[in-house]
Structures are given as structure tokens and as C-alpha cells.
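K.L.:
This is the structure I have questions about; it appears just below.
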Amino acid sequence: MSDGDVLAVAEHRRGELRPVSYELIAAGRDLAADLGGDLHVAVIGGDVDSFAERVNRAGADVVHTVDEGEEFNHDVYAAATTALFEAVDPSVLLLPNSVNGLDYAPAVATRLSIPLVSDAVDLTVADDLVVTRETYGSKVETTVEATTPAAVTIRDAEWPSVEDPGDATVEPFTVDIDAPSIRSTVRGFEEVGAGDVDIGEAEFIVSVGRGIDEEANLELVEELADALDATLAASRPIVDNGWLPKNRQVGQSGAVVTPKVYLALGISGAVQHVAGMKGAETIIAVNTDPDAPIFDIADYGVVGDLFEVVPELIERFES
Amino acid sequence: MKVLVTVKEVANVADDFEIEGLTIPEQFLEYDLNEWDDYAVEAAVQIAEDRDEDVEVVAVTVGPERSEETVRMALAKGVDRAVRVWDDTLAEAALVGPTAMARVLAAVAEAEDPDLVLSGVQAADDGFGATGVALAEHLEYAWAAVVNDLELDDETASVRRELEGGVEELTSVPLPAVLTIQTGINDPRYASLRGIRQAQRKELDVRTLADLGLDPAVLDDDLTLTGLARPESESDATLFEGSAADTADDLETVLRDAGVSAE
Ligand SMILES: Cc1cc2nc3c(=O)[nH]c(=O)nc-3n(C[C@H](O)[C@H](O)[C@H](O)COP(=O)(O)OP(=O)(O)OC[C@H]3O[C@@H](n4cnc5c(N)ncnc54)[C@H](O)[C@@H]3O)c2cc1C
Ligand SMILES: Nc1ncnc2c1ncn2[C@@H]1O[C@H](COP(=O)(O)O)[C@@H](O)[C@H]1O
Chain A
1 MSDGDVLAVA EHRRGELRPV SYELIAAGRD LAADLGGDLH VAVIGGDVDS
51 FAERVNRAGA DVVHTVDEGE EFNHDVYAAA TTALFEAVDP SVLLLPNSVN
101 GLDYAPAVAT RLSIPLVSDA VDLTVADDLV VTRETYGSKV ETTVEATTPA
151 AVTIRDAEWP SVEDPGDATV EPFTVDIDAP SIRSTVRGFE EVGAGDVDIG
201 EAEFIVSVGR GIDEEANLEL VEELADALDA TLAASRPIVD NGWLPKNRQV
251 GQSGAVVTPK VYLALGISGA VQHVAGMKGA ETIIAVNTDP DAPIFDIADY
301 GVVGDLFEVV PELIERFES
Chain B
1 MKVLVTVKEV ANVADDFEIE GLTIPEQFLE YDLNEWDDYA VEAAVQIAED
51 RDEDVEVVAV TVGPERSEET VRMALAKGVD RAVRVWDDTL AEAALVGPTA
101 MARVLAAVAE AEDPDLVLSG VQAADDGFGA TGVALAEHLE YAWAAVVNDL
151 ELDDETASVR RELEGGVEEL TSVPLPAVLT IQTGINDPRY ASLRGIRQAQ
201 RKELDVRTLA DLGLDPAVLD DDLTLTGLAR PESESDATLF EGSAADTADD
251 LETVLRDAGV SAE
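One line per chain: the protein sequences are A and B, in this order.
Read in order, the letters of the first sequence are residues 1 to 319 in full-length UniProt numbering.
Read in order, the letters of the second sequence are residues 1 to 263 in full-length UniProt numbering.
Printed below as a string of C-alpha cells:
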């Protein structure tokens, strides 16, 4: 084991630190306390001085700033993180399990020849590092032990966001990045998924998932949405199949919705879906599988067949 | 041009499954081609169809004999040939972490020397979401993760990476490269009867770690599986039971109380 330090790398996009950065501080400071080391936080690229000020929150001992580039580029991140790791020599490297985190964490772990455990929902220290993660569509909880040093990516919104100010020292860190090692070029960003409706504004949402089985069956949930005067939304497979347009997709890569009522029909409740609807006031789920993770966040549920329940509901609300 | 696609046969657990120690007994598992890999296979086959030059599409899997069924599905959809890696060392490993799995896949890729490797964003069972990028690093290839749009010329892959919140990043990477493919990038075909017949005759080589020149120690990636459990239910949901009519009555009350269609 190294000296028990933890190195966490913050995430930002288009000038904003992403919330997971403050969650990494929560996960990192607990871990550093257990390991008897310090928490190092790194900010790479963008306005590093202002980012450093903002991640200087309770529990961070050192903030390293790497002034390289504006936006995320995985080649820069991989090189900088590797160099920082070698300089700090931490026991645990903590990265976000975001789309960008997954675009460089596996490369860094491979480059450093250290084990990688992704998508952690809990972290403890025994002899080794004990990581809890979810498998089989969140129906199984798996515990994995990793020898240290190890790299771990943490799931969004599993740790609290640290808000209290800290008293870390801020240290600029320079890396030598040779130009040919930067192979990927980020050409820009585009917002997608705008269109006729903004499901983010809807008060009542009827949302449909893969349990609907066939495109032709969508008519049934459309009828229910009409009867309830609700907006129709969907999980990703429905949109991937082209059955509904992208602007109807709820979730991590779709829209975040906060309706009064979210009625989930035949949706399992994958973490990327839940990311988009957990803020709903009342969540109702209809699902044939009693173990479906959607029931963990539902306020009301029916373990049953949507094809039986939905027609009954339509009958009760049809005017 | 050669395209290598990594395909995994994944297990889904049945609605009423049980756990025994560190495994889920076979009778509770249903196997299928990983959803993300189905899109990767389609992307590879479309490249072969769209380009004037000859494109060979090779699938690689690390899995037991049973997974040949899944690999044959990929062959039926237009993949030219396949390699399956398996031996006792792999069979006995309770857990192979993503960097170690990538090392095994890299040995196949090194022998095949492809211009492009397509893998899935994540495997539906283990869900590491990490194997493709680790594979790129082993191969010293360029890469892009979570790709939902792809344009290819002889030297470059121009892709869209699907970030969070409806934002896409436009990125170019030079070939050779590994791309991890996101669902929705295309419309995966069904295998035709003719395709299924042809698939039976396509080459499907089986290799051991030793055949690939790998020491069994490559699997020692310092990860140990120590627990498998059903998660404690965090649910405080009120569950309605009874006939469809009864539960609909209950749901009606909840919905009306929440203000839906209140007259
Ligand atoms: C990077 C990334 C981003 C992603 N972004 C998103 C996103 O933005 N939004 C999103 O939704 N997903 C997203 N996903 C996909 C996500 O992981 C899941 O695959 C997806 O949410 C599953 O959709 P589902 O619940 O409709 O399907 P499934 O998981 O297949 O669930 C179907 C459910 O229907 C139930 N069912 C079946 N028949 C019936 C019936 N007759 N009556 C009632 N219930 C029935 C089943 O028990 C099951 O629980 C993303 C994944 C990745 C890797
Ligand atoms: N055993 C395997 N055989 C072939 N490909 C695999 C295997 N495991 C993972 N992969 C590939 O890596 C992707 C991501 O898997 P994972 O990192 O485990 O989520 C999958 O979609 C596959 O394309």
C-alpha cells in the first residue's frame, strides 16, 4: 500500500464544474481518513484558478491545477492524470463514472498497470479496498476487493455534495505533453433533442419503457396519456428503436423531468433513466418484475402487467 | 480494411432468481448478445456494405462454448468470421476485470491488426463500461467512448460522443482506433434465414490464452469478487395488490389526489 493518499480529478464542461466534482470530495475525504492519508484534488484545463477556488472544499488538502487546454480532451486528461498519479503516489485514484470519466479512466488504469473498478456506489477500506457496485441491471449487488493502488470511478449522486469551504493549498502542476500524443481533436458541441414538446416542463408524465414490447402497442399508452391529460415520455430503448423522437427521452442522455406525477410503465429503473426522473414529486411504477429497481424510488407501485392495468385506467379517466 | 468487433454474450437474471455463494445458478440466467454489441456489429457490417474497398469484419468473444450461439448470430448478420477465446484458466476465474479482459482481447487484436475496433459502451451484466478504452490503451490505438454517430474515411473516424444532458461532442480520431458504440447509433438488422444458414459455415476459431501467447497471470488484475447479494430493498413504495381492476381503482385514487384530471 502507498501512503494512504487519495487523488480525485474534478470534472468540468463548457466552463462549469460538474456536480460530481463535489461528490468526489465527499468520497475522497472519507477514504483518505480511513487510509490515514491526504486528499488531493486535481483540476485539469479550463479556468483552473477559479475551478481550484471552487473545489477547495472541506476535506481537500491539496488542489493541483493543470493549466492545459479549455475543454476535456482525453489524451490531455490521461497524460496529466498519469503524471499526477506518479507525483502524488496515492493509494486510490478517484474519477467520475461519467461519459468523460469512462473516456479516460480505463486508459489511465491500463497505463499505470493498476486495477480499475468502475461505477462504485460504496467504498470502504478493509485490508484491501472494498468496492460495492451494481450488476445485472441493478438487480444484484456485487462486492469487489482491489489491492491498492487502484483506480475507482464513482457513480453520480451516490455521495453527498461537499459544500463547506476548505483550506487546501493550491499547487500548479506542469506536465510535459508531447504534441503527437494528442490524437483526438474535439471540434465542438451540439445540443440535441429539442423539438415540438419540452417534457421538462410537463406537470404529469406517462412514461413507457421496453415492457411495451412492440411499436403498435404504443397506441395504448398514448390513449392513457390523453385520458390523463399527461405528456408522453419514454426510456431510451423506445427512442433508440425510433418509436418516439429523442425529445421524449428521459434520463442521463435525455431530459431531466420534475413533474408532479411520473407514471412509469414497463421501465426497469436503470440508473441512467432514474437520473432523469428521480426529482418527480410522485413516482408510480407498473412493472411485472417485483425486483425491478424502479420500485426502490417509486412512491406507489403495482407489480403487474401494464397490458392489464392500463386499459382499466383508461376506462376510469376517459371522458 | 479490417474491422474487429468485440461481442459478449451477457446473462440476464430471471424475475425470481437466487444467489448461491458467489454465483447465480444457471437456471436463473438467460443469455443473449449484449445489446450494445448488437449495435456495434451493425455498425461494422454497414461499414463493409458502404465502402468500395474490401472490408473484412471479424468478431471476437471471450466466452464458453455456449456463447457460440451468440457469435453465430453476429455471423448471421454479416460478420465474416469469428474468434472465440476460452480455456480452463478463464473458466475458473470468478471475475475478470475490464483491464485484464482488454488484455486478452488485445492479444487477438494484435494478431488481426485491424484498422478499426468497435466495442460496446457497456456489457449489460457486469457493466464496467471500460473494456473498450482499456483495449485501445493496450493496443496504443486512438479511441472514443460512447459514440452515437460515425463517419469514416481512410485516415480518420469523425464521431459524435453522447455526453450527459442532450449534449454531443464532435470529435475526430485518427485510425487505427477503438470506438465504443452506444445504442441508437443505427437500426440493428435481424438475421435472415439465409444469413443463419451461411453462418453455420463461417469460420469460428477457438483459441486458448496459451495459443495467444498469454501467460495465465494476465488474469491476475488484483480484483477479487467477494460478495454477490440481492440489494436491500430501499423501497418505501405503497404496493397495490389484487386484480387489474382493483389496482386500477387504487391508482385512480392516487392520480386524482395528485391533481390528474380533477374535475
Ligand atoms: C451512457 C448511457 C446513457 C444512457 N442514457 C439513458 C437515458 O437517458 N435514458 C434511459 O432511459 N436509459 C438510458 N440508458 C440505458 C439504460 O441503461 C437502460 O438500458 C434503459 O433505461 C432500459 O430501459 P427500460 O427500462 O425501458 O428497459 P428494460 O431495462 O429492458 O426494462 C423493461 C422493464 O419492463 C418490465 N416489463 C416487461 N413486460 C412488462 C409488462 N407487460 N408490464 C409491465 N412491465 C413489464 C420488465 O420487468 C422490465 O423491468 C443509458 C445507458 C448508457 C450506458
Ligand atoms: N468477454 C468478452 N468478450 C468479448 N467482448 C467483451 C467481453 N467483455 C467485454 N467485452 C466488450 O467490451 C464492452 C464493454 O464491456 P464492459 O467494460 O464489461 O462493460 C462490451 O460491450 C463488449 O464489446
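The beta carbon of each residue, even a glycine, is placed where N, CA and C say it ideally should be.
Which residue wins for smallest C-alpha separation from L116/B, given the options A40/B, K8/B and A11/B?
P.N.:
The option with the nearest alpha carbon to L116/B is A40/B.
K.L.:
Measuring alpha carbon to alpha carbon, tell me which residue in V108/A, T142/A, L116/A and A146/A is nearest A126/A.
P.N.:
That would be A146/A, whose Cα lies nearest to the Cα of A126/A.
K.L.:
Which ranges would you report for the beta strand (DSSP E) in the segment 76–115 of chain A if only whole runs of at least 3 residues count?
P.N.:
Runs of the beta strand (DSSP E) inside the segment 76–115 of chain A: 92–96.
K.L.:
Give me the residue from S207/A, H12/A and A42/A with the minimum Cα distance to V6/A.
P.N.:
Minimum Cα distance to V6/A is reached at A42/A.
K.L.:
For S207/A, which residues of its own chain have a beta-carbon under 8 Å away from its beta-carbon, when the five flanking residues on both sides are left out?
P.N.:
Cβ within range, chain order: L232, A233, A234, S235, V250, Y262, L263, A264, L265, I267 and M277.
K.L.:
Determine whether the Cβ of I47/B lies closer than 9 Å to any Cβ atom of chain A.
P.N.:
So, not an interface residue.
K.L.:
With a threshold of 8 Å, establish whether the CB of G242/A neighbours any heavy atom of ligand 1.
P.N.:
False, no ligand heavy atom lies under 8 Å from that Cβ.
K.L.:
I'd like the span of the alpha helix (DSSP H) that includes P293/A, first residue to last.
P.N.:
P293/A -> no alpha helix (DSSP H), and no H or E assigned at all.
K.L.:
Say the cut is 8 Å; is the CB of A120/A nearer than that to a heavy atom of ligand 2?
P.N.:
No - ligand 2 has no heavy atom lying nearer than 8 Å to the Cβ of A120/A.
K.L.:
Less than 9 Å separating the beta-carbons of D187/B and N247/A?
P.N.:
The answer is no: Cβ separation not under 9 Å.
K.L.:
Less than 9 Å separating the beta-carbons of R230/B and D119/A?
P.N.:
Not in contact: R230/B and D119/A (Cβ atoms no closer than 9 Å).
K.L.:
To the nearest angstrom, report how far apart residue 270/B and A79/A are at their CA atoms.
P.N.:
The structure shown does not extend to residue 270/B, since chain B spans only 1 to 263, so no value can be given for it.
K.L.:
Can you list, in chain order, the residues of the segment 168–194 of chain A whose Cβ is nearer than 7 Å to any Cβ on chain B?
P.N.:
Those residues of the segment 168–194 of chain A that come within reach of chain B (Cβ to Cβ, closer than 7 Å) are R183, S184, T185, V186, R187, G188, F189, E190, E191, V192 and G193.
K.L.:
Starting from the C-beta of V159/B, find all residues in its chain whose C-beta is less than 6 Å away, skip the five residues before and the five after it, and write them out in chain order.
P.N.:
Result list for V159/B: A144, V147, L150 and T171, in chain order.
K.L.:
Are the C-beta of D119/A and some C-beta of chain B separated by less than 9 Å?
P.N.:
For D119/A, the answer is yes, since a Cβ of chain B falls inside 9 Å of its Cβ.
K.L.:
The alpha helix (DSSP H) with S161/A in it runs from where to where?
P.N.:
Looking at the DSSP string, S161/A is not in any alpha helix (DSSP H), and its letter there is neither H nor E.
K.L.:
Put R230/B into one of helix, strand or coil per three-state DSSP.
P.N.:
Residue state, collapsed to three classes: coil.
K.L.:
State the Cα-Cα distance for the pair E26/B and K77/B, rounded to the nearest angstrom.
P.N.:
Distance between the alpha carbons of E26/B and K77/B is about 27 Å.
K.L.:
Please give me, in chain order, every unbroken run of the beta strand (DSSP E) with length at least 3 that falls completely inside the segment 33–57 of chain B.
P.N.:
Entirely contained in the segment 33–57 of chain B, not one beta strand (DSSP E) run reaches 3 residues.
K.L.:
On the DSSP letters alone, give me the boundaries of the alpha helix (DSSP H) that G195/B sits inside.
P.N.:
From DSSP, the alpha helix (DSSP H) with G195/B extends over L193 to R201.
K.L.:
Is N97/A close to chain B? Criterion is C-beta to C-beta, closer than 9 Å.
P.N.:
So, interface residue.
K.L.:
Taking a Cβ distance cut-off of 7 Å, strictly less, list which residues of the segment 263–287 of chain A are near chain B, in chain order.
P.N.:
Those would be T282 and I284, in chain order.
K.L.:
With C-beta atoms as the reference, is I25/A less than 9 Å away from T81/A?
P.N.:
No, the Cβ-Cβ distance between I25/A and T81/A is not below 9 Å.
K.L.:
Tell me the rounded alpha-carbon separation between A298/A and D196/A.
P.N.:
Answer to the nearest angstrom: the Cα atoms are 29 Å apart.
K.L.:
Can you name the start and end residues of the alpha helix (DSSP H) that residue 288/B belongs to?
P.N.:
Outside the displayed range of chain B (1 to 263) lies residue 288/B, so it cannot be described from this structure.
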